[in-house]
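Okay, so here's the structure we're looking at.
There are 2 protein chains.
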Amino acid sequence: MILRSATRPVAHAMSPIICTVDIVLLTLQRGMLHVALLKRDHAPFAGVLALPGGYVHAAEDADARDAAERTLREKTGIVSPYLEQLATFSGLARDPRGWSLSVTYYALVPDDVIAAANRPEVVLVAIDKLRGLPFDHQQIIATAVQRVRDKSAYSSLPVYLCGKCFTLPQLQSVYEAILGEPINKVSFRRKIDELDILEPIEGALEAGKAHRPAQMYRLKPRYGQHLSLTNRALNARS
Amino acid sequence: MILRSATRPVAHAMSPIICTVDIVLLTLQRGMLHVALLKRDHAPFAGVLALPGGYVHAAEDADARDAAERTLREKTGIVSPYLEQLATFSGLARDPRGWSLSVTYYALVPDDVIAAANRPEVVLVAIDKLRGLPFDHQQIIATAVQRVRDKSAYSSLPVYLCGKCFTLPQLQSVYEAILGEPINKVSFRRKIDELDILEPIEGALEAGKAHRPAQMYRLKPRYGQHLSLTNRALNARS
DNA sequence: ACTGCTTTGTTCATTATTGCAACTAACTTG
DNA sequence: CAAGTTAGTTGCAATAATGAACAAAGCAGT
Numbered sequence: 002m003i004l005r006s007a008t009r010p011v012a013h014a015m016s017p018i019i020c021t022v023d024i025v026l027l028t029l030q031r032g033m034l035h036v037a038l039l040k041r042d043h044a045p046f047a048g049v050l051a052l053p054g055g056y057v058h059a060a061e062d063a064d065a066r067d068a069a070e071r072t073l074r075e076k077t078g079i080v081s082p083y084l085e086q087l088a089t090f091s092g093l094a095r096d097p098r099g100w101s102l103s104v105t106y107y108a109l110v111p112d113d114v115i116a117a118a119n120r121p122e123v124v125l126v127a128i129d130k131l132r133g134l135p136f137d138h139q140q141i142i143a144t145a146v147q148r149v150r151d152k153s154a155y156s157s158l159p160v161y162l163c164g165k166c167f168t169l170p171q172l173q174s175v176y177e178a179i180l181g182e183p184i185n186k187v188s189f190r191r192k193i194d195e196l197d198i199l200e201p202i203e204g205a206l207e208a209g210k211a212h213r214p215a216q217m218y219r220l221k222p223r224y225g226q227h228l229s230l231t232n233r234a235l236n237a238r239s
Numbered sequence: 002m003i004l005r006s007a008t009r010p011v012a013h014a015m016s017p018i019i020c021t022v023d024i025v026l027l028t029l030q031r032g033m034l035h036v037a038l039l040k041r042d043h044a045p046f047a048g049v050l051a052l053p054g055g056y057v058h059a060a061e062d063a064d065a066r067d068a069a070e071r072t073l074r075e076k077t078g079i080v081s082p083y084l085e086q087l088a089t090f091s092g093l094a095r096d097p098r099g100w101s102l103s104v105t106y107y108a109l110v111p112d113d114v115i116a117a118a119n120r121p122e123v124v125l126v127a128i129d130k131l132r133g134l135p136f137d138h139q140q141i142i143a144t145a146v147q148r149v150r151d152k153s154a155y156s157s158l159p160v161y162l163c164g165k166c167f168t169l170p171q172l173q174s175v176y177e178a179i180l181g182e183p184i185n186k187v188s189f190r191r192k193i194d195e196l197d198i199l200e201p202i203e204g205a206l207e208a209g210k211a212h213r214p215a216q217m218y219r220l221k222p223r224y225g226q227h228l229s230l231t232n233r234a235l236n237a238r239s
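Chains E and V are the protein sequences, given in the same order. Taking the working numbering, the leading residue of the first sequence gets 2, the next gets one more, and so forth. Taking the working numbering, the leading residue of the second sequence gets 2, the next gets one more, and so forth.
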């Protein structure tokens, strides 16, 4: 034991690692998942579109999640009701400056929230149109999209891409956009009913369309942050 | 943009954060999940049982996963075929020394692998008998156990708790120990068959018991590391 | 060698879930 | 007010999961 403490250098003698957070902010535009990117101010990759991210400030952030919330707020003006840790990416290879570590988070917001933030520097890019991203941001985004697809098959996650109120057909098209395939209407409504997260808004119908108006729904109050799960996936995808 | 670079301190002026890895090494003993713990050498919490962990060495570790593999090998003598990133725990509150960050991994091994490593300092504690753990290790373990339970319901994850060869009834009892409830035999066999990860060992039967001997199986060669998934969970768990 | 006991592995009928198509409802437009 | 369109529901057929019952195959004791 004494030996071990001799062979292992103590904390302060070790090369410190710079810790960052990166946020994959996803939204739906014209039926396609888009990710929010910003032009980098500094080298390396100055001027290149990249994920919103920044250093963890040990002095002001209570933890990495706090750093992610702060970074997202500062860089995009957005406070996302849904923000979940994705994974931590690290190593010598990902940043030309050397060994780095990024704790990544992903957030889902309806696109009117991005519009309301009114930050013209925030660029939305379709997730199948991404190219030339710096660092391992392409891989981070791919991981986030995969996570969202996996979770959407058996949870209420996609409701965070909808606004405060929405119709069931709208919600279904959001699920279909994420899963990338059509869902049976009856099965979909059964699953949503089973999740038990929505309540109809009394007397609120989607007007203006040349057909029967749809009932508007909202998330039940207690489901502010967390998800509801089904035991079976929405549709077989093997 | 110029303004922003003025208000944001550059990397080298910031307080560096010490990064660690912690590994939740799980195994099954007498039908109960156990976690491997070690007595801490140093303050804080010297002498207290804690998760195997250590500093990330930027100079020698290619990435955090590498650091986790090295740490697990050095502290327990074990190289786990299955090792997956769990989550990153961070913040001011978790370590009395100050702001810290730990990238955590979890591993599953059959208990004879732990015996074979022959490290008497490695202590196995049942996951429902844990108490007095330092830092946020209790929460880290709880997160790992939850992850293992969730994944086991729709994947082949539990096979990593079995040895090189095993019978289907043995594997079923492993699933039942993890999920904490009995599984229907027919449903279980159908799911395993669907996963298509096992092959019978020709002519190898489990002998010595006073009843019909069971066929022995092994993991198909190509499933060294990765999991196979079902689209539906093993049993309804509302 | 035969009987009884135990667990493995399978078959079959019952029950639950899902997917499809047809239907009714309710609105707008011309 | 008829035609067009989508919302929402109902019933049925196809598919999948469950549970009980059965057959197979060993050991132990007689």
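All residues carry an ideal CB built from backbone N, CA and C; glycine is no exception.
At a C-beta separation below 7 Å, S81/V has no neighbours in chain E, since its nearest C-beta there lies roughly 19 Å away. E70/E sits buried, since 16 or more C-beta atoms from the chains shown fall within 10 Å of its C-beta. Around N119/V, no beta-carbon contact reaches into chain E at under 7 Å, the shortest distance being about 18 Å. F90/V and I179/E have their C-alpha atoms spaced approximately 29 Å apart. The criterion of a C-beta distance shorter than 7 Å is not satisfied by R223/E and I202/E.
Counted as a single uninterrupted DSSP element, the stretch harbouring K186/E is not any beta strand (DSSP E) but the alpha helix (DSSP H) occupying residues 186-196. Distance between A59/V and R191/V, taken at the CA atoms: about 47 Å. Taking 7 Å as the upper bound on Cβ-Cβ separation, chain V lies near no residue of the region 126-151 of chain E.
Contacts with chain V at 7 Å (Cβ-Cβ) include T89/E. Per DSSP, I128/E is not a residue of any alpha helix (DSSP H), being assigned neither H nor E. Every beta strand (DSSP E) of 3 residues or more that sits fully in the region 128-177 of chain E is shown, in chain order, as 166-168. For D64/E, the chain V residues whose C-beta falls within less than 9 Å of its own C-beta are F90, S91, G92, L93, A94, R95, W100, L102, listed in chain order. The three-state reading of DSSP puts I79/V in coil, since its state is none of H, G, I, E or B.
Using a C-beta cut-off of 8 Å, the region 121-132 of chain E makes no contact with the region 101-116 of chain V, since fewer than three inter-stretch Cβ pairs fall below that distance.
With respect to chain E, the C-beta atom of Q216/V has no partner C-beta closer than 7 Å. The shortest C-alpha to C-alpha distance from C163/E to any of Q226/E, E61/E, V175/E is the one to V175/E. Look at E122/E here: in three-state DSSP terms it is coil, with no helix or strand label. Taking the C-beta atoms as reference points, A154/E is found nearer than 7 Å to A234/E. Taking C-alpha positions only, I198/V is separated from I142/E by approximately 30 Å.
Here K76/E is buried. Its C-beta has 16 or more other C-beta atoms within 10 Å. Here N232/V has Y155 as same chain residues with Cβ atoms under 8 Å from its own Cβ, once five neighbours each way along the sequence are excluded. At a cut-off of 7 Å, the C-beta of A234/E has a neighbouring C-beta in chain V. In the structure shown, D113/V adopts helical secondary structure according to DSSP, grouped into three states. Contact annotation: G92/V and A63/E have beta-carbon atoms nearer than 7 Å. For V187/E, the closest alpha carbon among the candidates L169/E, E200/E, Q147/E is that of L169/E.
Following the DSSP letters along the chain, one finds R223/E in no beta strand (DSSP E), marked with neither H nor E. Only those residues of the region 201-226 of chain E whose C-beta falls short of 9 Å from the nearest C-beta of chain V would be listed, and there are none.
By the criterion of at least three beta-carbon pairs nearer than 8 Å, the region 97-108 of chain E is in contact with the region 16-26 of chain E. With a cutoff of 7 Å on beta-carbon distance, I115/E and T28/E are scored as near each other. The beta carbon of Q86/V sits closer than 7 Å to some beta carbon of chain E.
Contact between G54/V and I79/V fails: their C-beta atoms lie close to 14 Å from each other, not under 8 Å.
Under a 10 Å Cβ-count criterion, P214/E is classified as exposed, with fewer than 16 other Cβ atoms of the shown protein chains found around its own Cβ. Counting along the chain, the unbroken beta strand (DSSP E) around K40/E starts and ends at 33-40.
Within the same chain, and ignoring the five residues on either side of K130/V in sequence, no residue has its Cβ closer than 8 Å to its Cβ. Inclusion of V22/E and V149/E in the CB contact set at 7 Å is not warranted, their separation being larger than that value.
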